[in-house]
Structure formats: structure tokens, C-alpha cells
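Asker:
Protein chains: 2
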Amino acid sequence: MRVDDVKLPETLTFRLGTLGAAVADRFADRIAAHDLKPRHAGMLTALSMGEAASQQELAGRLGVAPSLMVALADHLAKLGAIERVRDPRDRRRQVLTLTGHGRELLVACADAARSLDEEITAELSADQRTALHAALGVLAGEAGLPR
Amino acid sequence: MRVDDVKLPETLTFRLGTLGAAVADRFADRIAAHDLKPRHAGMLTALSMGEAASQQELAGRLGVAPSLMVALADHLAKLGAIERVRDPRDRRRQVLTLTGHGRELLVACADAARSLDEEITAELSADQRTALHAALGVLAGEAGLPR
DNA sequence: TATTGTTATACTCTATAACTATA
DNA sequence: TATAGTTATAGAGTATAACAATA
């Protein structure tokens, strides 16, 4: 068995894992000024697509435990990014809706991501960027939205 | 401001982050049978490239704290994947070398990654796979090895 | 009795700081 | 005094389980 045969660092699995972690860290740095973490950005995104949702529905979509959803919603509510109102027809449910400020924050996150995209892909040709975008789009479609 | 203008989920930043986390989780599941985690696979990889290294050198390469390196090395030594020998010329240094079993484990990790690659890219055309591999290769070159 | 949200608790990962031994 | 490694401690992030309110 030759070590040269291994080439773990050349697998997509290894590269997606390492690059993903590095990019997520840089993204986190950039949205930290808004007192947000990547999880919050994912939650704002989920709320911006589709109608208002209860915390449990949202927890299911994002694949997180209900207890974590409480903490995330608490934080976003404290920032004024979401509103929490009891569903009058089922007072157990907390219905979450994005506020104007929440939409502003989401735009700020998207801007941060786009500028990071520019930096990341600076060394790629235009064709390579297009191909990368298309390929990741397919892969993202297989998995869910979350994180 | 229209929500439709945002499109955070379509950025490379967002997709690399979410896909990377999902792939890393699946990779972790597959090497768990060998009592390894992604960090250990990264460490075995680093040891397989280049000559034997002290723990501090390795910690620097992988970008982890020295205290974490101790824990990782402890675990790999317990599995018989590495050998730790005191450098006779500087008895403070622990020189780490990969054992035969360590190389076997690295091959197992690479096999797991390759089979995961197949599953992940099942819906991509051959051209898309090639392009994705090339693009990620460039991006991986910019960042370091670690994680 | 079942479900939504909440709180309490515990576990994993990792870093920082204090310490030991060697230099 | 400085450095390699180790140990002790602490923080972030997240899950599980127990609980309260409502159905």
C-alpha cells in the first residue's frame, strides 16, 4: 500500500469540508458586526421564503432542536428582526414574522456573502465561476437549506 | 427593498458553508466505525505528507491549539496509528510518525471519502464533475490544508 | 393524552492559561 | 529565561430530557 494512492486531500468530500468551514468562519466574521451568526442568517432566509411559520415548523426546516430554535428566536426578537405573536386559534403556537429591520439584516448578510464570493473566486476564470455555481446549485438542491 | 433581490441561498458562500457542513457530517459518520473523526483524518493526512513532525509543528500546520494536538495524538497513539518518540537531541520534543496501521486507517478514510464523492456527484454530468473538481482545487490551494 | 414552546441539564469541541520538564 | 508538551479550566454550541400551558 502506497501513501501516494491515498490522496484524501484531493477528494471533493475533503475539500468541501475544509473549504466550507473556512468560508463559514469568514462569513461569520463579517456578519458579527450585526450581532448575527450564520444560524441566524439561515433562519432569516427561511423566514423570508414562504409564509410565516411557527417555531416548530421552522425548527424542522432548519434541522435544529426546538430548544435551539427558542434561543435563536429570542436573539432575533431582541434585535427587532422578527415579531413573535401567539396564534389566536392555537395559543400554544408562536408565529414568527420578519420585520422591516429583519429584512434589512438579511440584505446585509447577502451583501456580505456576495462580497466574500468575489474574494473567494478571484482566481477563477469566468467559465470556472459559472461552472462552480451551477454544480453547487445541483448539490445544494439534493440536500436541504439548513445551517 | 424586495426580498427577491436578496438570494443569500444562491451565493457560493452560503452553499459552500451548508454543503461543507453536511458533507463533513456524513464523512464523520463513515469513519466513526474506525474510531476516527475528521480532525484525525486531517492529522493522518498531514503526517503522511512530509517527514515526521513534532506535535507543535503539526499543530501549526493544522491550525489547532497545542493542547488539542495532545488530545488528538493521544487518541491516535491509543489506536496504534502513530508512534511517539522523544527526540534524543531535544528531549522536550515528541516526534510523531505514522505506523502501518495508521496508513491503513488513512486508506480507509480515503475510501470513505471517495465513495461519498460518488454519491454526492451522482446527479452531475461528467463535465460538471471535472469542472467542480478543478475549481475546488484552485480554491483549496488558496486556503491551507487543515480541518 | 398529545403537542408547542420553554427551561434545565449535559455533552462535544476547542481555546486559554497554568504547570512540568527540558533546554 | 524560553520552549515543547501537558493538564486544568472555561466558553461556545447544541442536544436530550423534564416541565408548563394549551389543545
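Here the protein sequences come in this chain order: A and B.
Using my numbering, count along the first sequence one by one with no gaps and you end on 173.
Using my numbering, count along the second sequence one by one with no gaps and you end on 173.
Heads up, the beta-carbon is just placed ideally off N, CA and C, and yes, glycines get one too.
Give me the subset of the region 85 to 117 of chain B whose CB atoms are less than 7 Å from a CB atom of chain A, sorted by chain position.
Answerer: The residues in question: there are none.
Asker: Excluding sequence positions up to five away, which residues of its chain have a Cβ less than 7 Å from the Cβ of alanine 99 of chain A?
Answerer: Contacts found: Gln81, Ile108, Arg110 and Leu122.
Asker: Against chain A, which members of the region 65 to 85 of chain B pass a CB distance test of less than 9 Å?
Answerer: Listed by position along the chain: Ala67, Gly68, Leu70, Thr71, Ser74 and Met75.
Asker: Does aspartate 51 of chain A come out as helix, strand or coil in the three-state DSSP assignment?
Answerer: Three-state DSSP puts aspartate 51 of chain A in a helix.
Asker: Could you give the DSSP three-state label for threonine 37 of chain B: helix, strand or coil?
Answerer: Looking at threonine 37 of chain B - three-state DSSP - the assignment turns out to be coil, as it is neither helix nor strand.
Asker: Using the beta-carbon count (16 or more within 10 Å), is threonine 156 of chain B buried or exposed?
Answerer: So threonine 156 of chain B counts as exposed.
Asker: Should the region 64 to 82 of chain A be called in touch with the region 49 to 66 of chain B, which here means at least 3 C-beta pairs below 8 Å?
Answerer: Touching, no, given that fewer than three Cβ pairs across the two stretches are closer than 8 Å.
Asker: Taking only beta-carbon positions, decide if arginine 173 of chain B is within less than 9 Å of chain A.
Answerer: Residue placement at arginine 173 of chain B is flagged as unreliable, the pLDDT there being 46, under the threshold of 50; the coordinate-derived value follows with that caveat. With 9 Å as the cut-off, arginine 173 of chain B counts as an interface residue toward chain A.
Asker: Measuring only the C-alpha atoms, how far is glutamate 130 of chain B from valine 164 of chain A?
Answerer: Roughly 34 Å between the two C-alpha positions.
Asker: What would DSSP say about threonine 123 of chain A, mapped onto helix, strand or coil?
Answerer: Of the three classes helix, strand and coil, the one that applies to threonine 123 of chain A here is strand, per DSSP.
Asker: Out of B:Leu94, B:Leu105 and B:Glu83, point me to the one whose CA is closest to histidine 127 of chain B's CA.
Answerer: The option with the nearest alpha carbon to histidine 127 of chain B is B:Leu105.
Asker: Tell me, to the nearest whole angstrom, how far the beta carbon of aspartate 143 of chain B is from that of leucine 38 of chain A; I am working on the premise that it is less than 8 Å.
Answerer: Yes, aspartate 143 of chain B and leucine 38 of chain A are in contact; Cβ-Cβ is about 5 Å, under 8 Å.
Asker: Taking only three categories from DSSP, how would you classify arginine 173 of chain B?
Answerer: Note that arginine 173 of chain B scores 46 on pLDDT, short of 50, meaning its location in the model is unreliable; the coordinates nonetheless yield the value given after this. Three-state DSSP puts arginine 173 of chain B in coil, outside helix and strand.
Asker: If you count every other CB in all the chains shown that lies within 10 Å of the CB of leucine 45 of chain A, and 16 or more means buried, which is it?
Answerer: Burial call: buried.
Asker: By the three-class DSSP mapping on this structure, what secondary structure does valine 90 of chain B have?
Answerer: If DSSP states are grouped into helix, strand and coil, valine 90 of chain B belongs with coil.
Asker: Would DSSP call arginine 65 of chain B helix, strand or coil?
Answerer: The answer is helix: DSSP assigns arginine 65 of chain B an H, G or I state.
Asker: Using a Cβ-Cβ cut-off of 8 Å (strictly less than) and excluding sequence neighbours within five positions of leucine 158 of chain B, which residues of its own chain qualify?
Answerer: Excluding positions up to five away in sequence, the list reads Thr147 and Leu150.
Asker: Going along the chain, which residues of its own chain have a beta-carbon closer than 6 Å to the beta-carbon of alanine 85 of chain A, five neighbours each way excluded?
Answerer: The answer, listed in chain order, is Pro92 and Met95.
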